[in-house]
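> To start, I am sharing the structure in question, which I have written as structure tokens.
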Amino acid sequence: SCLYGPSGELLYEAVVDSNSIEFSWSDPSLGTPEFAYQVKLFDDNNVEIFNKYNSVSPLFFDNLDWSTDYTIELTTTNFDICESFIINTIVTTDAMPQPDQVILDSPISGEGEIFLSWDSVEYGSVYRVYSDGSIIDSTLSTIYVDNELAPNTTFSYEVQAINIEGTPGLESEPVAGSTLPLSDATL
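Structure, rendered in structure tokens:
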């Protein structure tokens, strides 16, 4: 027979910080002894990614997907397997931050081509390359060669990082690059 059923109110809190969740709860027992807490975490496809019996508050879930709904299920029972409290709450992680601004290195001139390079930026997954204000390409690399260009011509370049959610960062400051005149080309 059940000696101590859960009583009182189960208070909980889920705090989102970027792509992490801190989940905490208080004891609802109002003096009833020996409660156990089972916590489950489900992703937005209802796939269980965490399940722990005898959990202790608080729990931290780190490195989760950005902009994703997670369901946290908290079950409270005592060891007499009395009636349980079950709480389900949906928590959404923050959107991935905008990528940092790209800083372009000085372009390197070639015959009919200009070599561009830059360091990768946090949250940047793809880079848009602009020439004279128009998008000319996108790349996963931090090196780009603009080729098939007219000799002895100057172009203005900018690069913009985009995160995996499609959020663009600020465009880099423009840098000018010139192709070599045909007479200056090294064979």
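For our numbering, count along the sequence shown from 1 and bump the result up by 51. Where is the CB? At the ideal position from N, CA and C, for every residue including glycine. All of these numbers come straight from a predicted model, not from anything done at the bench.
#1: For tyrosine 104, does the count of other Cβ atoms within 10 angstroms reach 16, so buried, or fall short, so exposed?
#2: According to DSSP, which residues form a beta bridge with aspartate 68?
#3: Could I get the ranges of all uninterrupted alpha helix (DSSP H) runs contained in the stretch 94-148, with 4 residues as the minimum, in chain order?
#4: Does the stretch 112-126 come into contact with the stretch 186-193, if we say contact requires no fewer than three beta-carbon pairs (one atom in each stretch) closer than 8 angstroms?
#5: Starting from serine 182, trace the beta strand (DSSP E) both ways and give me its first and last residue.
#6: Please return the same chain residues whose Cβ sits closer than 8 angstroms to the Cβ of tryptophan 169, not counting the five positions on each side in sequence.
#7: In whole angstroms, give me the CA-to-CA distance for tyrosine 195 and methionine 147.
#8: Thinking C-beta only, is proline 150 closer than 8 angstroms to valine 172?
#9: Since glutamine 89 sits in a beta bridge, which residues does DSSP pair it with?
#10: Compute the beta-carbon to beta-carbon distance between proline 202 and leucine 231, rounded to the nearest angstrom, for a pair I have assumed lies under 8 angstroms.
#11: Under a CB-based cut-off of 8 angstroms, is tryptophan 117 close to chain D?
#12: Hey, out of Asn114, Phe101 and Ile138, whose CA is closest to aspartate 145's CA?
Reading it off the structure:
#1: Here the question's residue 104 lines up with position 53 in the sequence shown. Exposed is the call here.
#2: In the sequence shown, counting from the first residue as 1, residue 68 sits at position 17. Answer is Ser71, bridged to aspartate 68.
#3: Runs of the alpha helix (DSSP H) inside the stretch 94-148: none found.
#4: Verdict: no, contact absent.
#5: What you label residue 182 is simply residue 131 of the sequence shown in a count that begins at 1. Its beta strand (DSSP E) spans residues 177-182.
#6: On the sequence shown, residue 169 is found 118 positions in, with the first residue counted as 1. If we look at tryptophan 169 and ignore the five residues flanking it on each side, its Cβ neighbours are Val153, Ile154, Leu155, Asp156, Tyr178, Thr193, Val210 and Ser223.
#7: Taking the first residue of the sequence shown as 1, we reach residue 195 at position 144. Taking the first residue of the sequence shown as 1, we reach residue 147 at position 96. Between the alpha carbons of tyrosine 195 and methionine 147 lies a distance of about 26 angstroms.
#8: As a first step, residue 172 must be located in the sequence shown, where it is residue number 121. As a first step, residue 150 must be located in the sequence shown, where it is residue number 99. Yes. Within cutoff.
#9: Along the sequence shown, read from residue 1 onward, the residue named residue 89 stands at position 38. Paired residues: Thr126.
#10: In the sequence shown, counting from the first residue as 1, residue 202 sits at position 151. In the sequence shown, counting from the first residue as 1, residue 231 sits at position 180. Their Cβ separation, rounded to whole angstroms, is 6 angstroms, which keeps proline 202 and leucine 231 in contact under 8 angstroms.
#11: Checking the listed chains, one finds no chain D in this structure; it contains a single protein chain.
#12: Along the sequence shown, read from residue 1 onward, the residue named residue 145 stands at position 94. Of the candidates Asn114, Phe101 and Ile138, the one whose C-alpha sits nearest the C-alpha of aspartate 145 is Asn114.
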